[in-house]
Each structure stands twice: as structure tokens, then as C-alpha cells.
Amino acid sequence: MARPGMYVKCLFVKEAWRRRGMGRMLLSAVAREAARMGCGRVEWYVVGCNRGAVAFYEEMGAEVLPQWRICRLAVGRLQKPAGEEDGLHGGNQ
Numbered sequence: 017m018a019r020p021g022m023y024v025k026c027l028f029v030k031e032a033w034r035r036r037g038m039g040r041m042l043l044s045a046v047a048r049e050a051a052r053m054g055c056g057r058v059e060w061y062v063v064g065c066n067r068g069a070v071a072f073y074e075e076m077g078a079e080v081l082p083q084w085r086i087c088r089l090a091v092g093r094l095q096k097p098a099g100e101e102d103g104l105h106g107g108n109q
């Protein structure tokens, strides 16, 4: 049976505090807490062009998964299905 995972919504270190081990301490604390909770993995998002962050995460042992992409649909761009007056199927939104 697969173990649950932990998701980190935001991990940020201000510029003035970078290269002092803060990110390493934070990510290590997250990993310890995930292990304590019985999680099998920790996941988060990083913008691909943020090369410094990507390099840091890889240095920490993280696997950067290039096949995953974030999908976002702004509510105003929602395409109405044929015959629907108010958005999504079911109309109970």
C-alpha cells in the first residue's frame, strides 16, 4: 500500500538570508516532520526558470519531475458546454 505524501505550499528564504543554510534547515525540518507522520514523500512546485532553486532542491536529493505541469483555468475563461446556461454541468455551483 502506498504511503501518504506531504505537500509544501510555499518555501521561501529572503535574499538577505540565502546561502546561510536556512533553506537546508527548513527543508530538513519538513522532511523530518513528513517521516514522523509516516509520509513516503514530500512534494512542492518550483518554477522551471528558477535555476537556483532547482539546483538547491536537486542538491538536497529531490527529483525534479519535468513531466508535471500546473494547469490553471480562470473562471472567466470557462467554456460553457453546449446547452448550459450557467457554467459547469449540473448547475449547482
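Per my numbering, the very first residue in the sequence shown carries number 17; after that it's consecutive.
All C-beta atoms in this analysis are idealised placements derived from N, C-alpha and C, irrespective of residue type, glycine included.
Using beta-carbon positions only, say whether residue i and residue j come within less than 8 Å of one another.
| i | j | result |
| --- | --- | --- |
| M53 | M22 | yes |
With respect to the beta strand (DSSP E) encompassing residue i, which residues constitute its N-terminal and C-terminal limits?
| i | result |
| --- | --- |
| V58 | 57 to 59 |
| G21 | 21 to 23 |
Using the beta-carbon count (16 or more within 10 Å), is residue i buried or exposed?
| i | result |
| --- | --- |
| Q109 | At Q109, the pLDDT of 48 sits below 50, so the modelled position is not reliable; the number obtained from the coordinates is stated separately. Under this definition Q109 is an exposed residue. |
| E79 | exposed |
| L27 | exposed |
Which first and last residues belong to the alpha helix (DSSP H) in which residue i is found?
| i | result |
| --- | --- |
| M53 | It is not in any alpha helix (DSSP H) - M53 carries neither H nor E in the DSSP assignment. |
| A78 | From DSSP, A78 is part of no alpha helix (DSSP H); its letter is neither H nor E. |
Between residue i and residue j, how many whole angstroms is the CB-CB distance? I'm expecting something under 8 Å.
| i | j | result |
| --- | --- | --- |
| M38 | V46 | Not confirmed; about 13 Å, so no contact. |
| V63 | Y73 | About 12 Å separates the two Cβ atoms, so there is no contact after all. |
Compare the C-beta of residue i with all C-beta atoms of chain D and state if any pair is closer than 8 Å.
| i | result |
| --- | --- |
| V29 | In the displayed structure, chain D is absent; only one protein chain is listed. |
Three-pair Cβ contact test at 8 Å for the stretch 54 to 67 versus the stretch 22 to 31
yes
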